[in-house]
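**Q** Submitted below is the structure of interest, expressed as structure tokens.
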Amino acid sequence: ASEALYGELRRSGVHVLTVYPGPIHTDMGAQAQRALGGGVATRLVVWGTAEGLARRVRRGIERRRRRVIYPAVYAITRHLPGLTHFLLARFGPDPAAAAS
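Here the sequence shown is numbered in this note's numbering, starting from 221 and rising by one per residue.
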């Protein structure tokens with residue numbers, strides 16, 4: 221929605237920053253990691269911190285950036301969606317197992 225909003229407002233002077241947060245070390249993130257069973261995918265995950273995300277968002281606002289992707293390693297997925305789908309299908313958790 222924010223990407224569409226950016227397109228609609230880009231000539232109005234209103235700044236829209238889209239934030240794509242990846243895995244962040246929080247209680248909720250730890251619960252998700254436990255629920256997914258610690259498979260290959262969860263061991264390969266690059267985690268960020270809440271403080272790091274906050275710094276990037278503040279910097280994005282100050283520099284009038286269009287997007288913040290954090291941790292930065294996940295920016296590659298924006299350009300290679302097919303690779304992302306392949307990796308999730310191959311190494312991601314079994315959705316049926318995660319739901320139980």
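Every residue gets a Cβ at the ideal spot worked out from N, C-alpha and C, and that includes glycine.
Write down every uninterrupted run of the beta strand (DSSP E) in the stretch 232-266 whose length is 3 residues or greater and which is fully enclosed by it, in chain order.
**A** Within the stretch 232-266, the complete beta strand (DSSP E) runs of at least 3 residues are 238-241.
**Q** Report yes or no: do three or more beta-carbon pairs, one from the stretch 234-252 and one from the stretch 274-291, lie closer than 8 Å?
**A** Contact between the stretch 234-252 and the stretch 274-291 is present, because at least three Cβ pairs lie under 8 Å.
**Q** Report the three-state DSSP secondary structure of ARG230 (helix, strand or coil).
**A** Correct three-state label for ARG230: coil.
**Q** Do you know how far the Cα of HIS235 is from the Cα of LEU229?
**A** Their Cα atoms are separated by approximately 8 Å.
**Q** Check whether the Cβ atoms of ILE244 and TRP267 sit closer than 8 Å, and answer yes or no.
**A** Their beta carbons are under 8 Å apart, which means ILE244 touches TRP267 by this criterion.
**Q** State the Cα-Cα distance for the pair VAL265 and ARG298, rounded to the nearest angstrom.
**A** Approximately 16 Å between the Cα atoms of the pair.
**Q** Would you kindly check if the distance between the Cβ of ALA270 and the Cβ of ALA246 is under 8 Å?
**A** A small correction: the amino acid at residue 246 is Thr; Ala does not occupy that position in the sequence shown. The answer is yes: Cβ separation under 8 Å.
**Q** So ARG276 is in the beta strand (DSSP E); what residue range does that whole segment cover?
**A** Not the beta strand (DSSP E): ARG276 falls in the alpha helix (DSSP H), residues 270-282.
**Q** Less than 7 Å separating the Cβ of LEU264 from some heavy atom of the ligand GTP?
**A** For the ligand GTP, the structure offers nothing, since it holds no ligand at all.
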